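Q: In full-length UniProt numbering, the protein residues as written are 1 to 248.
Below is a structure I'd like to ask you about.
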């Protein structure tokens, strides 16, 4: 796995010719497949056309250089219309805003990670006010939680909230684990709108509670006791009269 910015300016070496044929100028993103489909090559010379290396044509991505089998692996955009179309779309992931499905802004992407085997986007590294308030640093999210890669916004699934990983001093800890260790601060921040909605719903249903029992109000314990006393009182008076007659 390699950070996207680490590709920049890396030399491209042809193994067959044994020569440097250019340097990496940029990465071309396929937002639907969530992969780096090709690398943009910068070559020397006055009359140079924009050329590309399909990621699946790369032999190896080393620490100091990228190797390909032959120099003709580098192709013009006219030969690769699909890649050229993505290139013209000019999609950039770094600097893009991240928002959840329910509209919670998480921050902005600082970096993304690329799998060296197939160019797949492995995950994103990001920061922002919400993340800083909880993690105090940068965070990482696996690409499986990314729903949409757009030109202006990257949308993530709601489950991403519990699967954000803290990146600080080599310690990796998910937000879910942090929530268990730090109490309800995170939940209380994120659930304000849900609580408000619940309170409104409760206040609307309370006036109708008294009509749920055959259309009659429920009696309190004191009211029920008073009625019982009223029923028993005549019985006591009748019992006293009967006793007086027997004595006579």
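The beta carbon of each residue, even a glycine, is placed where N, CA and C say it ideally should be.
Keep in mind that this is a model prediction, so the values were computed, not measured.
Would you call the CB atoms of residue 55 and residue 123 closer than 8 Å?
A: No.
Q: Helix, strand or coil: which one does DSSP assign to residue 11?
A: Looking at residue 11 - three-state DSSP - the assignment turns out to be strand.
Q: Taking the alpha carbon of residue 58 as the point to measure from, which residue in 126, 149, 7 and 131 has its own alpha carbon closest?
A: Comparing Cα-Cα distances from residue 58 to each of 126, 149, 7 and 131, the minimum goes to 7.
Q: Taking only the alpha-carbon atoms, compute the straight-line gap between residue 24 and residue 67 and give it to the nearest angstrom.
A: Rounded to whole angstroms, residue 24 to residue 67 spans 11 Å at the Cα level.
Q: Do you know how far the Cα of residue 158 is from the Cα of residue 193?
A: Residue placement at residue 193 is flagged as unreliable, the pLDDT there being 32, under the threshold of 50; the coordinate-derived value follows with that caveat. Cα to Cα, the separation comes out at about 15 Å.
Q: Should residue 4 go down as buried or exposed, given a rule of 16 or more other Cβ atoms within 10 Å for buried?
A: With 16 or more Cβ atoms within 10 Å of its Cβ, residue 4 is classed as buried.
Q: Can you tell me where the beta strand (DSSP E) with residue 54 in it begins and where it stops?
A: First-last of the beta strand (DSSP E) with residue 54: 51-54.
Q: Does DSSP put residue 102 in a helix, a strand or coil?
A: In the structure shown, residue 102 sits in coil (DSSP, three-state: anything other than H, G, I, E or B).
Q: In the DSSP assignment, what residue or residues form a beta bridge with residue 73?
A: According to DSSP, residue 73 bridges with nothing at all.
Q: From the DSSP secondary-structure annotation, give me the bridge partner or partners of residue 3.
A: 113, per the DSSP bridge assignment.
Q: Closest by CA to residue 93, which one among 10, 42, 30 and 75?
A: Nearest of 10, 42, 30 and 75 to residue 93, Cα basis: 30.
Q: Grab the span of the beta strand (DSSP E) containing residue 124 for me, first residue to last.
A: Here the beta strand (DSSP E) through residue 124 covers 121-127.
Q: If the criterion is Cβ atoms closer than 8 Å, does the pair residue 40 and residue 50 meet it?
A: Cβ distance < 8 Å, so residue 40 and residue 50 count as in contact.
Q: I'd like to know whether the C-beta of residue 51 is nearer than 8 Å to at least one C-beta of chain E.
A: Structure shown: chain E not included; a single protein chain is present.
Q: Which residues share a DSSP beta bridge with residue 22?
A: DSSP output for residue 22 lists 12 as bridge partner(s).
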